[in-house]
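J.:
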Amino acid sequence: MKFHDRGFVLPLIVVTVLILIWDLIVWFVGGTIFPRPMAVLTGMVELIRRGVLLKYVVASLFRVSAGFLLALMVGIPLGLLRGWFTRALQAFNPLIQMLRPISPIAWIPVAILWFGVSDLAPIFLIFLASLFPIMTASIAAVQNIQLVHLRAAQNFGISGPTLFKQVISPAALPQLLSGARLALGIAWLVVVAAEMIAVNSGLGYLIIDARNAGMRYDLVVAGMVLIGFIGLMLDLTIRRLERIDQVRWGFNR
Amino acid sequence: MSGTGFYEPVRFSGFPEIKESIVTGHLQATFMVAPLAIALRQQGAPIKIVYLGHRDGTAMMVHKDSHIYGIRDLKGRTIAIPTRYSNQFLILYKSLRDNGLSLNDVHLVEMPPPDMPAALYSRSVDAITSGEPFMAQTQIEKYGRVLYQAKDIWPNFISCVMVVHERVIREHPEWVQQLVDGIARSGKWLDGGMDHRMLAAENVSKKYFNQRPELLRYVLSVPPDRITYSNLSLARKDFEMIEELATEAGVLKRPVSFDDYADTRFSEKAQDKQSYDWEGPK
Amino acid sequence: MSQSLKIVLVLLAAFLGITALHVWLNIGFDKLGLTKQGRTVSAFRVGYLPVT
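Residue numbers (the numbering used here), protein chains in the order written: chain A, 1205 to 1457; chain B, -2 to 279; chain C, 880 to 931.
Okay, structure coming up:
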């Protein structure tokens, strides 16, 4: 119990101190561009008053979940297959490694071409960004299954779907979850770039539009704070999943 | 002010995305800088210019403490332009040429207009030029000084034009006519009195521009002819001047034809339309 | 029901919830053509940059 309390207090202290330092620096340096913490707070209140805060958060969450889930549904099976059939891995690896470093921003013209100015375009970009970490983690998950477990199972005569369900799947789960956690972080990071296209809602859109409107940097930073906060919540949620029994054995906690 | 209308305005944050959206047909129409529209058409994009957006409304600003007072003082300086496919760039080219300078005598940077005020404030560039309200913003915040207004160098300066996808012209010309009529009539309304302009600033600034009303009020009134919205019909003469300058400056590589990239039918029919009769939200 | 299955169902439910919320807040159910008045002609989309 005591340990849990300290889990909240220390980070809270760190954040408070940082906010104070932020305020001091901006006050000292002056200038009209970077906002002070209070301005950011009033900016957030303005967003609530205008009724757009909830709309924007939901819009971004929707696009990220859709893109992320699609990446899971495509990336995990593909990754598991490629990890299992090593020749498939060799054949496709160079292609994947070439596509991986291309920033989502570079894909924007393609996204517009295929999906126009609808929600599908940012979902596509988020899907792309999340796909590669999930595939990589799935491949690693399969390859790291202890050979001894596989041999033991095959000795018992288990093969095919049963092998998959009873041995491979549980063995791969911890690493899959790590990959998913990483991919979710990347997906949430990419939402700002993905919403550059021409959607009219979302936290990324808020930041870009506030910047384009000149001098609304209070809203820009408010958007950043919101993105950071929600990113933290998403990460904490996934980490709770790591505590369920089927997964916990994979982590030395 | 809200309700459902026939048109769905879609706000963009950069020219590249607008360009891709109209060329792929996901947008049926858009405002766009004139040279870009001509260049796109030349490259085969299925679009046509049907009307203008406004006249004038462009300036070049320098920092108030700089010693730049005339075009010749720009020699060796860094100037920010929105894109080389803009009339802001062409008017700069024309001024340099008329003052015995060439493009090699200045350093040009392409920069999104919203970033220009900050760049001028921090003096990371010596001069900025683009459309409003970003130029006026530097004036209101008292660190910018006008070097020239477009209307004083290139009378009846054109900045943005209305571009429509060919498929819409073919399948629904009546929609295009309605759009052009709308621009014509609201333009006449805006130029019909300062009270109309203030009304407009009050009602559209937050929702459509995401700017403070004071900024738009300033832009629409100081001076009163900073931007004009009447006389928006397509005139061959205006565009031939753009073609000439653009070719000379190296922005247009092959000859283009007004009849190819412009469709004047809608503009002609809109000539006699009356101004709107709006006095504010009820 | 195994724990993993429960989790998958919860996540799926959360996703559907967010989708419904998004459609309600940002798009409007009528635009999806789900209601009778929703079968409107697709809008004439006009793009612009907030600069003259």
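Heads up, the beta-carbon is just placed ideally off N, CA and C, and yes, glycines get one too.
All of these numbers come straight from a predicted model, not from anything done at the bench.
1. Excluding the 5 residues preceding and the 5 following A:Phe1207 in the sequence, name in chain order all residues of the same chain whose CB lies nearer than 7 angstroms to its CB.
2. If you measure beta-carbon to beta-carbon, which residues of the segment 111 to 124 of chain B are closer than 7 angstroms to chain A?
3. Can you list, in chain order, the residues of the segment 892 to 907 of chain C whose Cβ is nearer than 7 angstroms to any Cβ on chain A?
4. At 7 angstroms on the CB atoms, spell out the chain A contacts of B:Glu240, in chain order.
5. Please report the residue range of the alpha helix (DSSP H) in which B:Phe154 lies.
6. Decide if B:Ser119 is buried, meaning its Cβ has at least 16 other Cβ atoms within 10 Å, or exposed.
7. With DSSP run on the structure shown, which of helix, strand or coil describes B:Met108?
8. Counting pairs of Cβ atoms below 8 angstroms between the segment 1256 to 1274 of chain A and the segment 893 to 901 of chain C, do you hit three or more?
9. A:Ser1334 to A:Ile1343, Cα distance in whole Å?
10. Within a Cβ cutoff of 7 angstroms, which residues of the same chain sit near A:Leu1354, ignoring the five residues on either side of it in sequence?
11. Going along chain A in order, which residues have a C-beta closer than 8 angstroms to the C-beta of B:Asn207?
12. Between B:Gln200 and B:Arg52, is the Cβ-Cβ spacing less than 8 angstroms?
13. Since A:Leu1445 meets chain C, which of its residues come closer than 8 angstroms, beta carbon to beta carbon?
14. Contact criterion: CB-CB distance below 8 angstroms. Does A:Val1371 meet it with respect to chain B?
15. Output the boundary residues of the alpha helix (DSSP H) element that contains B:Lys234.
16. Using the C-alpha atoms, what's the distance from B:Pro114 back to B:Asn96?
17. Give me the Cα-Cα distance between C:Phe923 and A:Phe1336, rounded to the nearest whole angstrom.
18. Against chain A, with Cβ distances strictly below 8 angstroms, would B:Glu199 count as a contact?
19. State yes or no: is the beta carbon of A:Ile1431 nearer than 8 angstroms to at least one beta carbon in chain F?
20. List the residues of chain B whose Cβ lies closer than 8 angstroms to the Cβ of A:Val1249, in chain order.
21. How about B:Ser(-1): is its C-beta nearer than 8 angstroms to some C-beta of chain C?
22. For a quick check, are the C-beta atoms of A:Gly1287 and A:Gln1379 less than 8 angstroms apart?
23. Apart from the five residues just before and just after A:Ile1431, which ones in its own chain have a Cβ nearer than 6 angstroms to its Cβ?
24. Measure from the alpha carbon of A:Ala1384 to the alpha carbon of each residue in A:Leu1276, A:Ile1217 and A:Leu1423, then state which is nearest.
25. Could you have a look at B:His193 and say whether DSSP puts it in helix, strand or coil?
26. Could you tell me which residues DSSP pairs with B:His162 in its beta bridges?
27. For chain B, check one thing: does any of its Cβ atoms lie closer than 8 angstroms to the Cβ of A:Gly1320?
28. Below 8 angstroms between beta carbons: does that hold for A:Ile1411 and A:Gly1427?
29. Could you check if B:Asp192 is buried or exposed, using at least 16 other CB atoms within 10 Å of its CB as the buried criterion?
30. Let me know the secondary structure DSSP gives B:Gly277 once reduced to three states.
31. Mind listing the chain B neighbours of A:Ile1316? Cutoff is C-beta to C-beta under 8 angstroms, in chain order.
32. Buried or exposed for B:Lys204, please, with buried defined as at least 16 other CB atoms from any protein chain shown within 10 angstroms of its CB.
33. Relative to the C-alpha of A:Ile1338, which candidate in A:Ile1349, A:Asn1297 and A:Leu1388 has its C-alpha closest?
34. Give the range of the alpha helix (DSSP H) segment to which B:Met113 is assigned.
35. Do you know how far the Cα of C:Val889 is from the Cα of A:Met1205?
36. Using a Cβ-Cβ distance under 8 angstroms, would A:Leu1273 count as near chain C?
T.: On the basis of the coordinates in this document:
1. Model confidence at A:Phe1207 stands at a pLDDT of 47, short of 50, so the residue's coordinates are unreliable; what they give is reported in the following sentence. A distance below 7 angstroms between beta-carbons, with the five flanking residues on each side excluded, links A:Phe1207 to no residue of its chain.
2. If the cut-off is 7 angstroms between Cβ atoms, the segment 111 to 124 of chain B has Pro111, Pro114 and Ala115 near chain A.
3. Identification of residues in the segment 892 to 907 of chain C having a C-beta nearer than 7 angstroms to some C-beta of chain A yields Phe894, Ile897, Thr898, Leu900, His901, Leu904 and Asn905, given in sequence order.
4. Residues of chain A with a Cβ closer than 7 angstroms to the Cβ of B:Glu240 do not exist; the shortest Cβ-Cβ separation is about 27 angstroms.
5. Counting along the chain, no alpha helix (DSSP H) covers B:Phe154, and no H or E run does either.
6. Under a 10 Å Cβ-count criterion, B:Ser119 is classified as exposed, with fewer than 16 other Cβ atoms of the shown protein chains found around its own Cβ.
7. Collapsing the DSSP output to three states places B:Met108 in coil.
8. With the cut-off at 8 angstroms, the segment 1256 to 1274 of chain A and the segment 893 to 901 of chain C touch.
9. Between the C-alpha atoms of A:Ser1334 and A:Ile1343 there is a straight-line separation of about 15 angstroms.
10. Hits under 7 angstroms: Val1371.
11. Among the residues of chain A, those whose CB is under 8 angstroms from the CB of B:Asn207 are Asp1413, Ala1414, Asn1416, Ala1417 and Arg1420, following chain order.
12. Note on residue identity: the sequence assigns Asn, not Gln, to residue 200 of chain B. The answer is no: Cβ separation not under 8 angstroms.
13. Result: Ile886.
14. Not an interface residue.
15. Residue range Arg233 to Glu245 is occupied by the alpha helix (DSSP H) that includes B:Lys234.
16. Going by the C-alpha atoms only, they are around 26 angstroms apart.
17. Distance between the alpha carbons of C:Phe923 and A:Phe1336 is about 37 angstroms.
18. Under the Cβ criterion of 8 angstroms, B:Glu199 is not counted among the residues facing chain A.
19. The structure shown contains no chain F; the protein chains it does contain are A, B and C.
20. What A:Val1249 touches in chain B: nothing, since even the nearest Cβ is about 16 angstroms away.
21. At B:Ser(-1) the pLDDT is 48, less than 50, meaning the model places this residue with poor confidence; the figure from the coordinates comes in the next sentence. With 8 angstroms as the cut-off, B:Ser(-1) does not count as an interface residue toward chain C.
22. Contact flag unset, no.
23. Contacts found: Leu1407.
24. The residue with the shortest Cα to Cα distance from A:Ala1384 is A:Leu1276.
25. In the three-state reduction of the DSSP assignment, B:His193 falls in the helix class.
26. Residue pairing by DSSP places B:His162 opposite B:Ile44 in a beta bridge.
27. At a cut-off of 8 angstroms between beta carbons, A:Gly1320 contacts chain B.
28. Yes.
29. Here B:Asp192 is exposed. Its C-beta has fewer than 16 other C-beta atoms within 10 Å.
30. Coil.
31. Residues of chain B with a Cβ closer than 8 angstroms to the Cβ of A:Ile1316 are, in chain order, Glu14, Glu17, Ser18, Thr21 and His23.
32. By the neighbour-count rule (16 or more Cβ atoms within 10 Å), B:Lys204 is not buried but exposed.
33. Of all alpha-carbon atoms in A:Ile1349, A:Asn1297 and A:Leu1388, the one lying nearest the alpha-carbon of A:Ile1338 is that of A:Leu1388.
34. Met113 to Tyr118 is the span of the alpha helix (DSSP H), which, as asked, contains B:Met113.
35. Interpretation of A:Met1205 is limited by its pLDDT of 46, a score under 50 that renders its predicted location unreliable; the figure taken from the coordinates is listed afterwards. A straight line joining the alpha-carbon of A:Met1205 with that of C:Val889 spans about 28 angstroms.
36. True, the Cβ-Cβ gap to chain C drops below 8 angstroms.
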